[in-house]
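Below you'll find the structure, written out as structure tokens, and then a few comments.
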């Protein structure tokens with residue numbers, strides 16, 4: 050068990066480092082693209098990606114969830130099995146999830162390609178998006194198959210393979226997009242959008258090639274696991290994959306569809322409020338293309354751990370080990386609190402500095418501040434959803450997400466004509482807090498760990514963050530922004546460590 054947890058944390062740390070580096074590159078690249086193509090083109094690109102996001106959701110159809118759960122559950126069932134049993138079981142898993150992913154990936158690509166004209170004219174109200182939508186349609190089968198294979202590697206705890214694919218994909222995207230943008234004339238919004246989506250499509254194709262190579266070279270069992278002598282025949286059928294993925298997929302379709310309509314309604318609502326379409330697209334582009342990626346930058350660490358939580362919790366649930374599940378849940382609350390409160394403190398105290406340094410925009414800084422304060426809710430919601438899915442509660446999360454998305458659409462339609470882009474920010478706040486409460490309430494019923502126990506984990510980190518926030522008023526006057534942020538982060542970590550361990554040290558001294 051000790052070796053297993055050591056592998057979990059080493060994988061999570063390695064994946065976190067890779068994700069942080071990739072997020073840093075992505076944020077810097079977004080800044081470059083924004084300066085190169087302008088806020089209006091960035092807004093148009095974001096609108097295209099909102100529609101593409103729904104197509105990707107259909108293409109994936111939650112195949113990653115089935116892939117991770119099948120693989121991790123087979124690993125538990127195959128302990129002590131011989132080589133032939135392992136190979137047979139894992140090949141059946143991969144065959145099942147790949148057939149599922151190929152079915153939905155091809156179907157979504159065909160639909161997007163042949164409806165792109167209708168979407169561009171009637172939904173996006175901008176014919177300049179037509180070519181971009183057609184190009185992106187070709188990437189959907191590759192995305193779906195890559196997700197299936199990525200889930201297989203996660204279930205085997207071989208995240209190094211996913212990390213290699215992620216790094217290479219990001220660099221291909223940057224290289225292709227940057228090369229294309231060199232030849233784009235200033236002010237050509239349609240061509241600028243084509244260059245960015247073309248780079249994304251080619252990068253997705255490269256990702257699939259890498260995943261296939263990784264699978265062909267893979268041993269088909271976790272690191273450190275040796276073959277036994279037990280013969281066992283474990284099959285995985287298409288139906289079992291669909292039984293796991295489709296309930297979540299249906300909810301994801303509804304949520305992403307509503308979210309897409311919500312995003313399309315934002316600039317329309319702002320226009321109804323008296324703002325020009327160009328300015329509405331620019332504000333929307335700053336929020337979605339600039340402020341959000343910045344706020345989600347530390348999210349790379351949370352996603353690294355939550356992606357590995359799912360196979361761990363699924364395996365413990367398969368063994369009916371509630372004690373381990375409860376211990377893991379408490380640890381998730383504790384470390385989510387420490388990390389998210391610290392990130393929130395940085396965004397709250399250094400929003401202007403981050404906006405000026407990264408994007409040279411005071412308007413983006415305001416968005417960063419308002420979204421940064423929501424970070425503890427967003428990060429914890431992601432972790433809790435992973436725990437619920439690992440415990441087989443994907444149908445419940447589906448219902449919550451549908452209600453969340455429907456509420457978001459209604460609120461956007463009401464608020465954006467009145468208060469513009471800030472109506473959308475208020476909508477994010479209301480929906481995120483409601484979503485988290487519903488999810489954490491369900492988790493408390495399943496595990497027996499009360500919501501009060503979860504809230505307790507946030508008291509000490511919050512006190513430490515407030516203390517460092519007061520100190521930052523002095524820090525910012527004597528140090529440059531970069532050093533100030535580093536000092537704040539180190540001070541918060543040291544203070545949190547001391548406060549969390551103070552009682553234990555006093556008891557040990559006595």
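In our numbering, the protein residues as written are 50 to 559. Where a beta carbon is used, it is the ideal one built from N, C-alpha and C, also for glycine.
As assigned by DSSP and simplified to three states, the class of residue i
| i | result |
| --- | --- |
| residue 555 | Reliability fails at residue 555, whose pLDDT of 49 lies under 50, so the model's placement of it is uncertain and the value that follows must be treated cautiously. Helix. |
| residue 519 | helix |
| residue 174 | coil |
| residue 499 | coil |
| residue 147 | helix |
| residue 542 | helix |
| residue 419 | helix |
| residue 345 | coil |
| residue 124 | helix |
| residue 187 | coil |
| residue 266 | coil |
| residue 205 | coil |
| residue 550 | helix |
| residue 361 | helix |
| residue 141 | helix |
| residue 66 | helix |
| residue 271 | coil |
| residue 217 | helix |
| residue 232 | coil |
| residue 369 | coil |
| residue 528 | coil |
| residue 192 | helix |
| residue 513 | helix |
| residue 286 | coil |
| residue 324 | coil |
| residue 240 | helix |
| residue 111 | coil |
| residue 427 | helix |
Residues bridged to residue i (per DSSP)
| i | result |
| --- | --- |
| residue 130 | 279 |
Which listed residue (the options) has its alpha carbon closest to that of residue i
| i | options | result |
| --- | --- | --- |
| residue 305 | 458, 495 and 366 | 458 |
| residue 465 | 299, 478, 344 and 321 | 321 |
| residue 38 | 307, 374, 416 and 363 | The structure shown does not extend to residue 38, since the chain spans only 50 to 559, so no value can be given for it. |
| residue 114 | 276, 132, 201 and 490 | 201 |
| residue 406 | 232, 300 and 77 | 77 |
| residue 223 | 121, 252 and 438 | 252 |
| residue 302 | 189, 107 and 350 | 107 |
| residue 242 | 340, 162 and 94 | 94 |
| residue 70 | 397, 276, 132 and 349 | 349 |
| residue 97 | 334, 112, 136 and 327 | 334 |
| residue 477 | 460, 354 and 467 | 460 |
| residue 536 | 414, 101, 545 and 524 | 524 |
| residue 318 | 470, 337, 195 and 203 | 470 |
| residue 187 | 176, 151 and 359 | 151 |
| residue 120 | 468, 424 and 207 | 207 |
| residue 283 | 130, 162 and 105 | 130 |
| residue 329 | 100, 313, 340 and 197 | 313 |
| residue 493 | 506, 378 and 214 | 378 |
| residue 372 | 496, 428 and 430 | 496 |
| residue 569 | 104, 164 and 205 | Outside the modelled stretch of the chain, which goes from 50 to 559, sits residue 569, for which no answer is possible. |
| residue 467 | 316, 103, 549 and 394 | 316 |
| residue 309 | 81, 82, 545 and 100 | 100 |
| residue 451 | 504, 542, 355 and 483 | 483 |
| residue 82 | 447, 539 and 339 | 339 |
| residue 239 | 258, 264 and 90 | 90 |
| residue 511 | 425, 531, 135 and 376 | 425 |
| residue 418 | 177, 292 and 393 | 393 |
Exercise for the section: Pair every Cβ in the segment 212 to 223 with every Cβ in the segment 152 to 161, then say whether three or more of these pairs are closer than 8 Å. Expected result: The segment 212 to 223 is not in contact with the segment 152 to 161.
Problem - Inter-stretch contact at 8 Å, needing at least 3 Cβ pairs: the segment 143 to 152 / the segment 382 to 397 - result: no
Problem - Touch test, the segment 168 to 181 against the segment 238 to 250, Cβ-Cβ under 8 Å, three pairs minimum - result: The segment 168 to 181 and the segment 238 to 250 touch, with no fewer than 3 CB-CB distances between them shorter than 8 Å.
Handout entry: Segment contact, 8 Å Cβ cut-off, at least three pairs: the segment 224 to 233 with the segment 169 to 178
Key = no
Problem - Whole runs of the alpha helix (DSSP H) within the segment 431 to 486, excluding any shorter than 4 residues - result: 443 to 468
Problem - the segment 280 to 297 / the segment 437 to 455 touching (three or more Cβ pairs under 8 Å) - result: Taking 8 Å as the limit for Cβ pairs, the verdict is that the segment 437 to 455 does touch the segment 280 to 297.
Practice task
Answer yes if the segment 518 to 529 comes into contact with the segment 482 to 490, meaning at least three C-beta pairs across the two stretches below 8 Å, and no otherwise.
Solution key: Not touching, per the Cβ criterion.
Handout entry: Contact the segment 111 to 127 vs the segment 355 to 373: 3+ CB pairs below 8 Å
Key = Using a Cβ-Cβ distance cut-off of 8 Å, the segment 111 to 127 and the segment 355 to 373 are in contact, since at least three pairs of beta carbons, one from each stretch, lie closer than that value.
Practice task
Could you tell me whether the segment 252 to 270 touches the segment 186 to 195, using the rule of 3 or more Cβ pairs below 8 Å?
Solution key: yes
Problem - Segment contact flag, the segment 316 to 332 with the segment 392 to 404, C-beta cutoff 8 Å, min 3 pairs - result: no
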